[in-house]
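In the numbering used here, the protein residues as written are 1067 to 1267. Glycine residues also receive a C-beta, built at the ideal position from the N, C-alpha and C atoms.
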C-alpha cells in the first residue's frame, strides 16, 4: 500500500508503564511534521538439520521512529529532553533524562483521501540539539530531527495500534468511533487519548 502525506503528530508522556498499568498524559501536538520514518531491524538465523533448512529463528527486533518537524515550542522541547520550564525559563542540566512517550500520527493512503492512524506505545527520544545559522540571501528552515527508540509496553507486550480507514468494514463500529470528531474538543477521538487495543469479545 502506498502512502503520500503525513500530519497530526502527537506525543503523550508516559506516566506508568508496569506489568499491571499503562497510563499517559493527555496527547499534545509535537510540531508541524515534515516526515516520519519507521524502521524495524532484526536478526534472522537459519537452523539446519538433516542437511536441510529446518527453521528460521528471529532475534530481537530494534524499532526506531525518526520524525522531522518544522519547529519545536520551548515547552515541547523541554518536555522531550526531560528539562524543567519555570516561568518561561528553560533549565538545562547534565542530569536531564529523556522520558518515554507514546507517539501518534496519521498518514494518507495515496489516491484515496483516507488515512492510516497510528499510535506507538513506548518511545524514548534520543537527546538532540539545534543548528543556528546566520541570515543569508537564501533563507533555510532549520528543521528538527528527533529519533525515538521504541519498545513494547510492560503490561501486555504490545508495541502499538493502528487503524487503516480505507479497510474498515461495516461492522467495525468501535474502530470507526475512534476516527470520529470529538464534539467537545473538535479533535479526532484517536488523538484525544492513547487508545487501548480493541478486543474480539
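Following the DSSP letters along the chain, one finds residue 1144 inside the alpha helix (DSSP H) bounded by residues 1140-1147.
When only Cα atoms are considered, residue 1149 and residue 1086 end up about 28 Å apart. Counting along the chain, residue 1090 sits inside the beta strand (DSSP E) bounded by residues 1088-1090. When secondary structure is reduced to three states using DSSP, residue 1104 falls in the strand class.
Runs of the alpha helix (DSSP H) lying entirely within the segment 1194-1265, each at least 4 residues long, are 1239-1244 in chain order.
CA-to-CA, the gap between residue 1267 and residue 1238 works out to about 13 Å. Rounded to the nearest whole angstrom, the C-alpha separation of residue 1225 and residue 1190 is 13 Å. Setting aside the 5 residues that flank it on each side, residue 1219 is surrounded in the same chain by 1083, 1088, 1187 and 1188, each with a C-beta closer than 7 Å to its C-beta; the list follows chain order.
Taking C-beta atoms as the reference points, residue 1130 and residue 1213 count as a pair closer than 8 Å. Here the alpha carbons of residue 1070 and residue 1210 stand approximately 21 Å from one another.
Proximity to residue 1157 across 1147, 1166 and 1264 peaks at 1147, based on C-alpha coordinates. Residue 1246 places its beta carbon 8 Å or farther from that of residue 1264. The shortest CA-to-CA distance from residue 1228 to any of 1128, 1256 and 1252 is the one to 1256.
In this structure, residue 1234 lies away from residue 1261, with their beta-carbon atoms at least 8 Å apart.
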